[in-house]
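Position one of the sequence shown corresponds to residue 1 (full-length UniProt numbering), numbered consecutively onward.
Quick reminder that beta carbons are idealized off the backbone N, C-alpha and C, glycines included.
These numbers come from a predicted model, not from an experiment.
What follows is a set of notes on a single structure, which appears directly below.
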Amino acid sequence: MTIRFIHAADLHLGSPFKGFAGLPGKISETVRESTFTAFRNLIDYAAGARPDFLLIAGDIYDGEDRSLRAQEQFRQGMETLSEVGVPVFVSHGNHDHLSGSWVRFSLPENVHVFGPEVETAELTVRGTNVRIHGFSYPERHVTEPVIGHYPQADSDAVEIGMLHGSIRGDEAHDVYAPFTKDELLGKGYDYWALGHIHKRQVLHKQPPIVYPGSLQGLHRKESGVKGFYDVTIRQGTPSLEFIPAGALVFGEAEVDCSGIRHADEWLDRCMDQIRAFREANGPGLIDLLLFGIDEQSEAMFSDAPESEWLEFIREAASNDFPDIGVHRMTWEREAAPSVPGGLMRDVLDEIGSWDMDGWKSRLSDLYGHRQAYKFTGRLDEESIREIRKEAERLLTDGLMKGGRAE
Numbered sequence: 001m002t003i004r005f006i007h008a009a010d011l012h013l014g015s016p017f018k019g020f021a022g023l024p025g026k027i028s029e030t031v032r033e034s035t036f037t038a039f040r041n042l043i044d045y046a047a048g049a050r051p052d053f054l055l056i057a058g059d060i061y062d063g064e065d066r067s068l069r070a071q072e073q074f075r076q077g078m079e080t081l082s083e084v085g086v087p088v089f090v091s092h093g094n095h096d097h098l099s100g101s102w103v104r105f106s107l108p109e110n111v112h113v114f115g116p117e118v119e120t121a122e123l124t125v126r127g128t129n130v131r132i133h134g135f136s137y138p139e140r141h142v143t144e145p146v147i148g149h150y151p152q153a154d155s156d157a158v159e160i161g162m163l164h165g166s167i168r169g170d171e172a173h174d175v176y177a178p179f180t181k182d183e184l185l186g187k188g189y190d191y192w193a194l195g196h197i198h199k200r201q202v203l204h205k206q207p208p209i210v211y212p213g214s215l216q217g218l219h220r221k222e223s224g225v226k227g228f229y230d231v232t233i234r235q236g237t238p239s240l241e242f243i244p245a246g247a248l249v250f251g252e253a254e255v256d257c258s259g260i261r262h263a264d265e266w267l268d269r270c271m272d273q274i275r276a277f278r279e280a281n282g283p284g285l286i287d288l289l290l291f292g293i294d295e296q297s298e299a300m301f302s303d304a305p306e307s308e309w310l311e312f313i314r315e316a317a318s319n320d321f322p323d324i325g326v327h328r329m330t331w332e333r334e335a336a337p338s339v340p341g342g343l344m345r346d347v348l349d350e351i352g353s354w355d356m357d358g359w360k361s362r363l364s365d366l367y368g369h370r371q372a373y374k375f376t377g378r379l380d381e382e383s384i385r386e387i388r389k390e391a392e393r394l395l396t397d398g399l400m401k402g403g404r405a406e
């Protein structure tokens with residue numbers, strides 16, 4: 001007995017990709033189209049490999065107001081798989097829940113969309129009965145456990161569970177349809193196809209409990225190669241092959257600025273790191289982290305605003321590596337520069353005194369807004385650290401410029 005299927009999740013078709021202003025034209029277009037490109041890569045692979053079926057475990061669309069274009073792209077992909085005889089099983093997640101408002105598109109008969117209650121779909125693969133269990137989110141917030149509604153395994157069939165949710169107690173992610181690993185294992189299934197967590201993870205090997213991660217990174221925190229799993233279960237033994245699908249990779253490159261005295265030296269070092277990133281990852285969008293900034297290199301950088309340095313490296317990178325974009329640059333200075341006192345210094349001191357609850361309180365209107373949420377994501381400790389660092393950098397730049405102007 002051998003069955004083969006593809007497990008994908010978190011396509012987020014139509015993600016708006018806000019916050020990437022200033023990128024050169026070609027890479028900007030690549031970013032905007034990346035979720036659609038990654039989806040086409042998935043469809044092309046599935047149409048060529050012709051697995052027994054395809055599982056998509058939630059968040060096909062980026063929002064409850066599914067765009068016409070995103071729906072049409074998805075429908076065309078399903079038509080392609082219908083033509084080669086590949087069944088598709090779909091569960092909708094918290095982003096594309098069933099209560100959203102959108103213009104409906106019809107889907108071909110090879111597509112089974114799970115409803116708001118846990119249900120079982122069955123098919124026969126070369127004489128082997130396969131049972132697939134799943135549900136779609138009836139609304140955005142499914143915070144109560146759903147795992148108890150999944151049936152126990154039938155030993156005469158290959159049993160697969162689809163669940164868009166997170167491990168109970170995992171505070172690094174928004175907790176939806178929470179479960180424990182023991183609860184999943186207790187069902188006796190041969191494979192758990194999970195979604196919701198955008199990082200690729202195998203929570204258990206035998207039987208596999210798997211997050212394939214998002215099909216395409218959606219922002220700089222979602223770094224690394226993204227894709228899906230090609231899964232084979234042969235005589236009860238599973239094997240998983242990860243297949244890259246993303247149109248570009250988010251990442252970071254570190255540039256050592258020690259000993260630099262001239263802009264051309266800095267440019268050469270930046271281009272070396274960009275080249276290395278391109279060779280290792282393919283097309284991508286990177287942040288440059290400048291470190292080792294000594295007194296002389298600091299003096300060089302101070303002769304032009306940071307925005308000009310960023311524009312300069314973006315133009316140079318686009319000429320040599322048109323499929324690599326520089327998102328932003330961060331200056332890692334060894335010590336805070338001397339700045340004038342007064343009101344701005346007081347502001348810096350005030351920001352430095354805020355604890356986690358203080359930051360969350362001050363940003364609650366933005367991060368808790370129903371429409372803004374799709375662009376901001378969750379306000380976690382890493383987000384707050386980045387916001388604090390960027391706020392202090394902007395204020396420090398203002399202090400330095402103010403000091404020079406005086």
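In its chain, beyond the 5 residues on either side, G22, V326, R328, M329 have a beta carbon closer than 8 Å to the beta carbon of L310.
Residue burial is scored here from C-beta neighbours: Q71 has at least 16 other C-beta atoms within 10 angstroms and is therefore classed as buried. The C-alpha of G14 is placed about 17 Å away from the C-alpha of I27.
For the pair of segments examined, the stretch 157-170 was found to touch the stretch 120-139: the number of CB pairs separated by less than 8 Å reaches three. Listed in chain order, the non-local C-beta contacts of Y176 below 8 Å within the same chain comprise G93, N94, Y137, H141, V142, T143, H164, G165, S166, H196, local neighbours out to five positions each way being set aside.
With fewer than 16 other Cβ atoms from the protein chains shown falling within 10 Å of its own Cβ, D357 counts as exposed. Between the stretch 236-243 and the stretch 254-270, the count of Cβ pairs shorter than 8 Å is below three; the stretches do not touch. Residue environment: V84 is assigned as exposed (fewer than 16 neighbouring CB atoms within 10 Å of its CB, all protein chains considered). The residue from G284, D256, V255 with its alpha-carbon nearest to that of L248 is G284. Counting along the chain, no alpha helix (DSSP H) covers E252; the unbroken beta strand (DSSP E) around it starts and ends at 249-256.
For the stretch 171-196, the full-length beta strand (DSSP E) segments reaching 3 residues or more read 191-195 along the chain. As summarised for the stretch 119-172, the continuous beta strand (DSSP E) elements at least 3 residues long and confined to that stretch are 119-125, 128-134, 158-164, given in chain order. Within the model, the alpha-carbon separation for M1 versus Q235 is close to 5 Å.
In the DSSP secondary-structure assignment, M329 is bridged to L288. If the five residues before and after R75 are omitted, its C-beta is found closer than 7 Å to the C-beta atoms of F105, L107, all from its own chain and listed in chain order.
Its chain contains W354 as the residues whose beta carbon lies nearer than 8 Å to that of R362, once the 5 sequence neighbours on both sides are disregarded; these appear in chain order.
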